[in-house]
Ligand SMILES: [Zn+2]
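Residue numbers (the numbering used here): 55 to 235.
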């Protein structure tokens with residue numbers, strides 16, 4: 055039986071019960087420190103890269119424009135460009151650090167009907183795929199193991215981002231800054 059594959063149905067969710075964020079997690083998260091603890095991986099002026107809390111695979115990343123909108127058609131040119139440049143850089147970093155066989159890249163637009171749970175602040179999913187991979191979350195149900203796996207992936211991708219042209223970084227706990235998106 056064929057199963058419909060939709061990794062972006064797995065959304066970002068907060069690790070702790072009881073909201074840590076007041077309003078919009080994607081607006082508030084970039085200000086939280088240390089960045090590594092929040093899986094906040096890379097920054098440009100108008101967009102940033104986050105690893106999913108609740109990954110389909112370790113490496114499942116979200117590319118988030120800073121502008122708070124769920125309406126794709128509202129994004130201005132600079133936000134669109136920076137967001138897509140960060141998708142390219144994320145794929146480059148994953149090629150180097152993780153070596154997957156391919157990628158799924160996609161959006162949920164229009165909240166619940168499309169599978170998303172945070173429909174009011176749009177974000178692109180970049181999911182590295184390996185031949186024969188299985189959904190990581192059901193396979194490994196131990197939360198601590200998952201957190202450690204995502205942090206390990208964070209460190210590897212951080213290193214790969216840091217080696218790219220046009221980036222700089224303070225330390226391993228702080229998101230990479232992309233100077234030339
Ligand atoms: Zn927002």
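Every residue gets a Cβ at the ideal spot worked out from N, C-alpha and C, and that includes glycine.
In this text, all values refer to a predicted model and were calculated from it rather than measured experimentally.
Reduced DSSP secondary structure (H/G/I, E/B, other) of residue 2: Because the chain here runs from 55 to 235, residue 2 falls outside it and cannot be looked at.
Sequence-ordered residues whose beta carbon comes within less than 7 Å of a heavy atom of ligand 1: 78, 80, 81, 122, 174 and 175
Limits of the unbroken beta strand (DSSP E) element including residue 117: 115-119
Straight-line Cα distance separating residue 113 from residue 200: 11 Å
Rounded straight-line distance, which links the Cα of residue 197 to that of residue 209: 18 Å
Inter-residue spacing [alpha-carbon to alpha-carbon] between residue 155 and residue 84: 30 Å
Contact under 8 Å by Cβ, residue 214 with residue 125: no
Collapsed DSSP secondary structure at residue 221 in the structure displayed: strand
Per-residue DSSP class, three states only, for residue 182: strand
Residue 94 - partner residues in DSSP beta bridges: 104
Same chain, Cβ closer than 7 Å to residue 145, neighbours up to 5 away in sequence not counted: 157 and 180
Buried versus exposed call for residue 182 [16 or more other C-beta atoms within 10 Å across all chains shown]: buried
Distance CB(residue 235)-CB(residue 87) smaller than 8 Å: no
Backbone CA spacing between residue 190 and residue 184 [nearest angstrom]: 12 Å
Selected residue, minimal CA-CA separation from residue 95, among 141, 134, 123 and 76: 141
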